[in-house]
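*Asks:* These protein sequences, in sequence, are chains A and B. Going by the numbering used here, the first sequence opens with residue 179, and the numbers climb by one from there. Going by the numbering used here, the second sequence opens with residue 38, and the numbers climb by one from there. Glycine included, C-beta positions come from ideal geometry on N, C-alpha and C.
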Amino acid sequence: MSRKSLLLLIVIIAACCAVPFVFDPEKSYVVYFLFMASIYVTLAQSWNLVAGYTGQVSLGHHAFFGLGAYVVAIMWSRHLIGYLDPIGFILAGVAASMLAVLVGIPLLSKLKGDYFALGTLGLGEIMRLITIQLGAFTGGPMGILLPSSSFGTILPHYFIALFLAVLAIAVTFYMARSHIGLALVSIREDEAAAEASGINVLKFKVLSFAVAAFLAGMSGSVLAYYIFTVEPQGFYGLNWTLYPVLMCVLGGAGTMTGPIIGGLLLTAVFEIARYFLPEIHPIFSGLFIILAIMFLPTGIMGLRPRTMQREKGGVSIGRLLTKRAKGE
Amino acid sequence: MVKLRDAWLVGLFVLVALACFFSPAGLQAAEKKEIVIGTPLPVTGVASQEGNEEKWAYEEAVADINAKGGIFVKQYNKKLPVKLVVADMESDPGKGAGAVERLVKIDKVDLLLSSFAANFVMPTAIAAEKFKIYYHGNTCFPVVWRGAHLKWSTVFFFELDKGAEIPYEVLDTIPAAERPKNFALLMEDTADGRAFGGGLAEAGKAHKWEIALNEPLGVGAKDYSAQILKLKSKGIDGAILFASGGDCVTFVRQMKEAGLNLKYLHGYKGTWNGDFWKALGKDASYVLCDGFWSEDWPYPKGKEIGERYSKKFGKRSVAIGLYYASCQILWEAIEKAGSVDSAKVKDAVMTTNFKGTVMGDVKYNPDGTAIFPCAAFQWQDGLQKTVYPFERSAGYKVKVAPPWDKR
Chain A
179 MSRKSLLLLI
189 VIIAACCAVP
199 FVFDPEKSYV
209 VYFLFMASIY
219 VTLAQSWNLV
229 AGYTGQVSLG
239 HHAFFGLGAY
249 VVAIMWSRHL
259 IGYLDPIGFI
269 LAGVAASMLA
279 VLVGIPLLSK
289 LKGDYFALGT
299 LGLGEIMRLI
309 TIQLGAFTGG
319 PMGILLPSSS
329 FGTILPHYFI
339 ALFLAVLAIA
349 VTFYMARSHI
359 GLALVSIRED
369 EAAAEASGIN
379 VLKFKVLSFA
389 VAAFLAGMSG
399 SVLAYYIFTV
409 EPQGFYGLNW
419 TLYPVLMCVL
429 GGAGTMTGPI
439 IGGLLLTAVF
449 EIARYFLPEI
459 HPIFSGLFII
469 LAIMFLPTGI
479 MGLRPRTMQR
489 EKGGVSIGRL
499 LTKRAKGE
Chain B
38 MVKLRDAWLV
48 GLFVLVALAC
58 FFSPAGLQAA
68 EKKEIVIGTP
78 LPVTGVASQE
88 GNEEKWAYEE
98 AVADINAKGG
108 IFVKQYNKKL
118 PVKLVVADME
128 SDPGKGAGAV
138 ERLVKIDKVD
148 LLLSSFAANF
158 VMPTAIAAEK
168 FKIYYHGNTC
178 FPVVWRGAHL
188 KWSTVFFFEL
198 DKGAEIPYEV
208 LDTIPAAERP
218 KNFALLMEDT
228 ADGRAFGGGL
238 AEAGKAHKWE
248 IALNEPLGVG
258 AKDYSAQILK
268 LKSKGIDGAI
278 LFASGGDCVT
288 FVRQMKEAGL
298 NLKYLHGYKG
308 TWNGDFWKAL
318 GKDASYVLCD
328 GFWSEDWPYP
338 KGKEIGERYS
348 KKFGKRSVAI
358 GLYYASCQIL
368 WEAIEKAGSV
378 DSAKVKDAVM
388 TTNFKGTVMG
398 DVKYNPDGTA
408 IFPCAAFQWQ
418 DGLQKTVYPF
428 ERSAGYKVKV
438 APPWDKR
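(1) If you follow the alpha helix (DSSP H) that residue 369(A) is part of, which residue opens it and which one closes it?
(2) What does the alpha-carbon distance come out to for the pair residue 69(B) and residue 141(B)?
(3) Could you list which residues in chain B have their beta carbon closer than 8 Å to that of residue 323(A), in chain order?
(4) Using the beta-carbon count (16 or more within 10 Å), is residue 86(B) buried or exposed?
(5) May I ask you to list the residues that DSSP assigns as paired with residue 322(A)?
(6) Excluding the five sequence neighbours on either side, which residues of its own chain have a C-beta within less than 6 Å of the C-beta of residue 405(B), listed in chain order?
(7) Taking just the CA atoms, how far does residue 133(B) sit from residue 202(B)?
(8) Take residue 272(A) and list the residues in its own chain whose beta-carbon comes closer than 8 Å to its own, dropping the five residues that flank it on each side.
(9) What three-state label does DSSP hand residue 422(A) in the structure shown?
(10) Would residue 407(B) be called buried (16 or more neighbouring beta carbons within 10 Å of its own) or exposed?
(11) Do the region 427-446 of chain A and the region 290-308 of chain A touch if we need at least three Cβ pairs shorter than 8 Å?
(12) Between residue 181(B) and residue 155(B), what straight-line distance do the alpha-carbon atoms span, to the nearest angstrom?
(13) With 8 Å as the threshold, decide whether the Cβ of residue 408(B) is near any Cβ in chain A.
(14) Among residues of its own chain, excluding the 5 on either side of residue 211(A), which ones have a beta-carbon nearer than 8 Å to its beta-carbon?
(15) Within the 8 Å Cβ cut-off, does residue 81(B) reach chain A?
(16) In the DSSP assignment, find the alpha helix (DSSP H) that holds residue 326(B) and state where it starts and stops.
(17) Closer than 8 Å is the cut-off here; do at least three beta carbon pairs connect the region 272-285 of chain B with the region 305-323 of chain B?
(18) When burial is assigned at 16 or more other CB atoms within 10 Å of the CB, is residue 186(B) buried or exposed?
(19) Under 9 Å Cβ-Cβ, which residues of chain A neighbour residue 286(B)?
(20) Rounded to whole angstroms, what's the CA-CA distance from residue 256(B) to residue 311(A)? Just pull it up for me.
(21) Counting only beta-carbon separations shorter than 8 Å, does residue 96(B) have a partner in chain A?
(22) For residue 82(B), I'd like the list of residues in its chain whose CB is within less than 6 Å of its CB, leaving aside the five on either flank, ordered along the chain.
(23) Under 8 Å by Cβ, that's how I've got residue 209(A) and residue 201(A) pegged, so tell me the actual separation to the nearest angstrom.
(24) With DSSP run on the structure shown, which of helix, strand or coil describes residue 119(B)?
(25) Between which two residues does the alpha helix (DSSP H) harbouring residue 287(A) extend?
(26) Compute every distance between the C-beta of residue 314(B) and the non-hydrogen atoms of the ligand HEM, then say whether any falls below 7 Å.
(27) Express the C-alpha separation of residue 372(B) and residue 111(B) in angstroms, rounding to a whole number.
(28) Just to confirm the assignment: which complete alpha helix (DSSP H) runs, minimum length 4, are found wholly within the region 216-252 of chain B?
(29) For residue 262(A), collect the residues of the same chain with a Cβ closer than 6 Å to its Cβ; drop the 5 residues on either side in sequence, then sort them by chain order.
(30) Quick one: does residue 223(A) have its CB under 8 Å from some CB of chain B?
(31) Buried or exposed, going by whether 16 or more other CB atoms sit within 10 Å of the CB of residue 270(B)?
(32) How many angstroms separate the CA atom of residue 429(B) from the CA atom of residue 244(A)?
(33) What are the complete beta strand (DSSP E) segments, minimum 3 residues, inside the region 85-154 of chain B?
(34) Smallest Cα separation from residue 394(B): which of 74(B), 230(B), 380(B), 409(B)?
(35) With a threshold of 8 Å between beta carbons, is residue 124(B) in contact with chain A?
(36) DSSP three-state call for residue 456(A): helix, strand or coil?
Dropping the structure here:
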């Protein structure tokens, strides 16, 4: 990230912090829009860490997102934590990380490319079914209804979601610029060469997977605290993976700013389509995505002339999958 | 290729444009010109069939009241027309809160009308609770709604335990020699399926029916041969099937192909829609379905609403009466409250005796529920014949299904 980009990021964060003081948070949709956009940016940035930087295309983000939400819902409904309890957020992230390590070790050591993607895709479905089967503990298919009487204002949720988005950017920035980032990019570019250079490939892959899961789990807990209904269909929905993937790809995978732009842009497109085209918005959104992927395979960040690109390393996910499948 | 000096600008532009567009200043009206009613419905996705049916009934009720000039609101000393705003929740309970958020913050709705089914009603009713906006609910089992202790909503539906007793009460009317001997429950693996399946199993015990098989069904599964083989191996000749429309059609088709004849098949959720008959034709005969209402019942305007629906869609509905009646109740409550204030409207709903709706007379209980008996119908010649409540069956008695080749 260049100094100019960093400055712009600071300006945007400052603007986001000011928004609830300009628009009435209880009446204006802008605050809710930015709240949701922050959640998506966090998810997209965390997915970027695994797929964009490490080259492991995971389709199991919704498993971590849903688990994070359920950790908070189960604990809060049993009075083990309180409303907007920091311990709840941390535990949600830790639980998701633990799941990522648990499934990451066998999956990341044995599967590559689209096989890994399919393996992680199954994870979300497994989590959904386990949640339904656990009956009273998780509320079964109906889920857990949380006490909405606790709700006062969207403001704490908004700032927590914004903080998480900033945290996801900061973590990605730190990891990308540290020796960890070098290891991750080298794994993405050539796993065999990375291994031959003495990099513990599995360790770094699991590390990025676990950090991404931590952020996804915390995002799930933030939304759970806001909508007060945690149920398997919604929280383990594939959208929580597909949308962040699309946001990341559209913005520019493997870049710091791509997921932020993609997150804001696609959240806006979806919201506007839902409002103006209530019955055909899935068609519109789908078309938009198809056209965007067709004409912007390296994302919006890839539009910039090469000489102007200060963030190098943007990747096409399609190219990445093909490369992995061929075992290159 | 388009040259962008900085891709950041794209994000910023979108943000600012959206912020300006959705700012309240441009949307708020100075004078009250209409009553804005919002409804978060599943108009796309797997529940869109039911969602769109509910939407149609709401729209009819709005058109009817507006044809009379609207609702007289004492606070404004004039009649105000009703504007219905539908927010699609995409058949995803997780998107219910967002749908309500749009209705409240962008469309500035005064009150909310129900979504469809417990898994969509509960998230949206809870979202309404946050904004302290009255949510006029229906199609949610009261036992589920009561568990959430909501203050800003009410529910108009049948009790789960009473609804679960209906198949057994109907079965008891069949002569003993003709009754099925081995009974099965085939329940969709969803919130409603599980909740209702539990109720059906309990009610079966109470009515001394032994459930020989209790089998979950996957949503959208294209192959039910495993379940059908189990039914055949256990000699099942009667069943209750809880699944969506497409799944019920698939199940009955595969049942016939496998040569399994159930004397009594009582469908819930998926066998009531006219499309069930359209898809199966005479194979749908003798199958029972649930429902909330019939245009044949002697309630004011019921026949007219039913005919309007049949004219538009070429089929009958056993649900639209509930949705239309929900609107009738809300319109009357607004008029009685003399305001669109949520607390006042809810209070009017709770205290008014609503006479002559298309669902008959309606009175809410102190806990915020208004209960009506669930109905049961049997498909005969493309029509749903009322079987239950018995007093509304006009003498029609449930018939046991003959073998497939004699239907």
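*Replies:* Taking the coordinates as given:
(1) Taking the first residue of the first sequence as 1, we reach residue 369(A) at position 191. Per DSSP, residue 369(A) belongs to the alpha helix (DSSP H) from 369-374.
(2) In the second sequence, residue 69(B) corresponds to position 32, counting from 1. In the second sequence, residue 141(B) corresponds to position 104, counting from 1. Each residue's alpha carbon lies about 16 Å from the other.
(3) Against the first sequence, residue 323(A) aligns to sequence position 145. 159, 163, 184, 185, listed in chain order.
(4) As a working mapping, residue 86(B) is identified with position 49 in the second sequence. Flag for residue 86(B) reads buried.
(5) Taking the first sequence and counting its residues from 1, one reaches residue 322(A) at position 144. Answer is 408(A), bridged to residue 322(A).
(6) Mapped onto the second sequence, residue 405(B) falls at position 368. Closer than 6 Å at Cβ, skipping near neighbours: 191.
(7) For the purposes of this step, residue 202(B) is taken as residue 165 along the second sequence, with counting starting at 1. For the purposes of this step, residue 133(B) is taken as residue 96 along the second sequence, with counting starting at 1. Near 31 Å, if we compare the C-alpha coordinates of residue 133(B) and residue 202(B).
(8) Position 94 of the first sequence, counted from the start, is the residue given in the question as residue 272(A). These residues qualify, in order along the chain: 392, 395.
(9) As a working note, residue 422(A) is residue 244 in the first sequence. Looking at residue 422(A) - three-state DSSP - the assignment turns out to be helix.
(10) Residue mapping note: residue 407(B) aligns to position 370 of the second sequence, counting from 1. By the neighbour-count definition (other C-beta atoms within 10 Å, threshold 16), residue 407(B) is a buried residue.
(11) The region 427-446 of chain A makes no contact with the region 290-308 of chain A; the number of CB pairs closer than 8 Å stays below 3.
(12) For this step, residue 181(B) is matched to residue 144 along the second sequence. For this step, residue 155(B) is matched to residue 118 along the second sequence. One Cα belongs to residue 181(B), the other to residue 155(B), and the distance between them is close to 7 Å.
(13) Locating residue 408(B) in the second sequence gives position 371, where the first residue counts as 1. Residue 408(B) does not count as touching chain A.
(14) Along the first sequence, read from residue 1 onward, the residue named residue 211(A) stands at position 33. Beyond the five residues adjoining it in sequence on each side, residue 211(A) comes within less than 8 Å, by CB distance, of 445, 446, 449 in the same chain, given in chain order.
(15) Your numbering for residue 81(B) matches position 44 in the second sequence. For residue 81(B), the answer is yes, since a Cβ of chain A falls inside 8 Å of its Cβ.
(16) Here residue 326(B) refers to the residue found at position 289 when the second sequence is read from its first residue. Unbroken run through residue 326(B) is the beta strand (DSSP E), 325-328; no alpha helix (DSSP H).
(17) Taking 8 Å as the limit for Cβ pairs, the verdict is that the region 305-323 of chain B does touch the region 272-285 of chain B.
(18) Here residue 186(B) refers to the residue found at position 149 when the second sequence is read from its first residue. Looking at its Cβ environment, which holds fewer than 16 other Cβ atoms inside 10 Å, residue 186(B) is exposed.
(19) For the purposes of this step, residue 286(B) is identified with residue 249 of the second sequence, where counting begins at 1. When 9 Å is used as the limit between beta carbons, residue 286(B) is near no residue of chain A, the shortest such separation being about 22 Å.
(20) By one-based count along the second sequence, residue 256(B) stands at place 219. By one-based count along the first sequence, residue 311(A) stands at place 133. Roughly 15 Å separates the two Cα atoms.
(21) Here residue 96(B) refers to the residue found at position 59 of the second sequence. For residue 96(B), the answer is no, since every Cβ of chain A falls outside 8 Å of its Cβ.
(22) As a working note, residue 82(B) is residue 45 in the second sequence. Excluding sequence neighbours, residue 82(B) sits near 127, 128.
(23) The residue labelled residue 209(A) in the question sits at position 31 within the first sequence. The residue labelled residue 201(A) in the question sits at position 23 within the first sequence. Taking the Cβ atoms as the reference, residue 209(A) lies roughly 6 Å from residue 201(A), within the contact range of under 8 Å.
(24) For the purposes of this step, residue 119(B) is taken as residue 82 along the second sequence, with counting starting at 1. Judged by DSSP in its simplified three-state form, residue 119(B) adopts strand.
(25) Here the question's residue 287(A) lines up with position 109 in the first sequence. Segment 264-288, the alpha helix (DSSP H) holding residue 287(A).
(26) Absence of the ligand HEM from the depicted structure is noted, as is the absence of any ligand whatsoever, leaving it without description.
(27) If you number the second sequence from 1, residue 111(B) lands on position 74. If you number the second sequence from 1, residue 372(B) lands on position 335. Residue 111(B) and residue 372(B): Cα-Cα distance of roughly 7 Å.
(28) Segments of the alpha helix (DSSP H) lying fully in the region 216-252 of chain B: 228-243.
(29) Position 84 of the first sequence, counted from the first residue, corresponds to residue 262(A). Around residue 262(A), the same chain offers 334, 403 as residues with beta carbons nearer than 6 Å, after the five sequence neighbours per side are excluded.
(30) Within the first sequence, residue 223(A) is the residue found at index 45, counting from 1. No, its Cβ sits nowhere closer than 8 Å to a Cβ of chain B.
(31) Position 233 of the second sequence holds residue 270(B). The residue is exposed, with fewer than 16 neighbouring Cβ atoms inside 10 Å.
(32) Residue 429(B) sits at position 392 when you count from the first residue of the second sequence. Residue 244(A) sits at position 66 when you count from the first residue of the first sequence. Spanning the two alpha carbons is a distance of roughly 47 Å.
(33) Runs of the beta strand (DSSP E) lying entirely within the region 85-154 of chain B, each at least 3 residues long, are 108-110, 115-117, 119-125, 148-150 in chain order.
(34) On the second sequence, residue 394(B) is found 357 positions in, with the first residue counted as 1. For the set 74(B), 230(B), 380(B), 409(B), the Cα lying nearest the Cα of residue 394(B) is the one of 409(B).
(35) As a working note, residue 124(B) is residue 87 in the second sequence. Yes, its Cβ sits closer than 8 Å to a Cβ of chain A.
(36) In the first sequence, the residue the question calls residue 456(A) occupies position 278. Three-state result, residue 456(A): coil.
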